[in-house]
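One structure is given here, and the rest of the page talks about it.
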Amino acid sequence: MVYSDGIGTVIGPIMFKASADGAVSDTKLILRPLIGLMSDQPPEEIERHVVREIEKHRRLRDNAVMLEAKLDGASEPEAAREASQDYIAAMIAVHAQQTVVSTLLDILGYIPDMPKSKGH
């Protein structure tokens, strides 16, 4: 299946730029449903979604870092097993969210300015 929306051409899980630069990547995973969801949205609305999803990715990453430290500090076998499971689940979420962010950035076509961090 080939889909072109003027932003890029999608062939299965591969996205190619619609420019002379050629392929973004010949193995890049994209989420095609997001292309459809964003197709009728104005750029400023897409940018709002991108910013929100980048912020979500950062929260997930911070949680994964915390869980990795917990795993590194686990001394009991049962605690280490549980910490490992929690860390793996967190990393699955981080990588899934990275695919969301990457796809939305491809749709938007640029990296938006991010609001100042509120701190922790």
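Heads up: the sequence shown begins at 71 in my numbering, then just goes up one per residue. Glycine is no exception: its CB is placed at the ideal position from the N, C-alpha and C atoms.
With 16 other Cβ atoms within 10 Å as the buried cut-off, status of residue i
i: SER187; result: exposed
i: ALA139; result: exposed
i: SER109; result: exposed
i: ALA159; result: exposed
i: ALA105; result: Looking at the sequence provided, one finds Ile at residue 105 rather than Ala. The residue in question, ILE105, is buried, as its Cβ has 16 or more Cβ neighbours within 10 Å.
Terminal residues of the alpha helix (DSSP H) in which residue i lies
i: MET184; result: Counting along the chain, MET184 falls outside any alpha helix (DSSP H), and DSSP gives it neither H nor E.
i: GLU123; result: 113-143
i: ILE105; result: 102-108
Cβ-Cβ distance between residue i and residue j below 8 Å
i: VAL164; j: ALA134; result: yes
i: GLU150; j: LEU137; result: Before going further, note that residue 150 is Ala rather than Glu in the sequence given. Contact: no.
i: GLU193; j: PRO185; result: Nothing can be reported for residue 193, as the shown portion of the chain is limited to 71 through 190.
Any non-hydrogen atom of the ligand GDP within 7 Å of residue i CB
i: ASP156; result: Only the bare structure without any ligand can be found here, which leaves the ligand GDP out of the picture.
Closest residue to residue i among the options (Cα-Cα distance)
i: LYS98; options: MET108, ASP176, MET184; result: ASP176
i: THR169; options: PRO113, ALA150, ILE124; result: ILE124
i: ASP132; options: PRO113, SER172, TYR180, TYR157; result: TYR157
i: ARG128; options: LEU178, PRO112, VAL171, ILE100; result: VAL171
i: ALA166; options: LEU130, GLU115, LEU107; result: LEU130
i: ARG122; options: LEU174, LEU107, PRO112; result: LEU174
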